[in-house]
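Numbering (my numbering), first residue to last: 28 to 154.
Worksheet: one structure, shown below.
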Amino acid sequence: MKSESFQRTLAVKEILFFLSLLISPFSIADQYCSYGGDCSGNKFQCVDRGDSVKVCMGLGQGSVNEFCGSYMHCKNDLSCKDRGDGANVCMTRGYGRSGDYCNSDYTCSRGFVCKKRGDGVGICISL
28 MKSESFQRTL AVKEILFFLS LLISPFSIAD QYCSYGGDCS GNKFQCVDRG
78 DSVKVCMGLG QGSVNEFCGS YMHCKNDLSC KDRGDGANVC MTRGYGRSGD
128 YCNSDYTCSR GFVCKKRGDG VGICISL
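Here you go:
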C-alpha cells in the first residue's frame, strides 16, 4: 500500500517536472533534441543521455536528478550514473534524499535506501 502511494507520488513529480520544462521558455536543460541546433546558445549541447534519447545539456550545469552524458555535464560535487533504466542522471554520493535517483544505497543519505521501482529505476526512500 505504501509502495503504491510512493510510486504514484513519484509519477506525479515526474509529470510536473516535464510540464515545467514545457512551460518555462528559459529552461533548455533536459529538453529533447535531435541535433545541436535544437539547443539554444553555446552553453548547451545535444547529448545522448545513455539510453539513445538525446537531450540538451550544459557542461558543468547538471543538478541532482538532471540528465547527463558524462560527469562533465554535472556540477562539481556530482557524478553521472545510470539510474537503472539506461538513462544517466547527476547523482550525489551519500547525500540523496527521498525521491532522488540512485544506483546503490551509497548514493542515498543516512536513513535512506535505494529501492528499484517496477521499471528498474532506483529511488532513495526513507527506512
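Virtual Cβ for every residue (Gly too), placed ideally from N, Cα, C.
None of the values given here were measured: they were computed from a predicted structure.
Same chain only: Cβ atoms within 8 Å of residue i, ignoring 5 sequence neighbours per side
i    : result
G149 : R110, G111, Y128, C129, N130, S131, T134, C141, K142, K143
L154 : G138, F139, V140
G147 : G111, D112
P52  : Residue placement at P52 cannot be trusted, given a pLDDT of 43 that sits under 50; the coordinates are not used to answer.
For residue i: DSSP bridge partner residues
i    : result
M118 : S106
Q72  : M84
C135 : G123
V140 : I152
G101 : Position check: residue 101 holds Cys in this sequence, whereas Gly was assumed. Partner(s): G89.
Cut-off 6 Å between Cβ atoms - residues of its own chain near residue i, not counting five sequence neighbours on either side
i   : result
K81 : C60, C73, D75
I50 : Low confidence applies to I50: its pLDDT is 45, below 50, so where it sits in the model is not reliable enough to give any reading.
Contact check, residue i vs residue j, beta carbons under 9 Å
i    : j    : result
L86  : K108 : no
G89  : K102 : yes
G113 : V91  : no
Nonlocal neighbours in the same chain, by C-beta distance under 7 Å from residue i, ignoring five residues either side
i    : result
M84  : A56, F71, Q72, V74, F94, C95, G96, H100
N115 : R76, G77, F94, C95, G96, C107, K108, D109
S125 : F139, C151, I152, S153
Y98  : S106, C107
E31  : none
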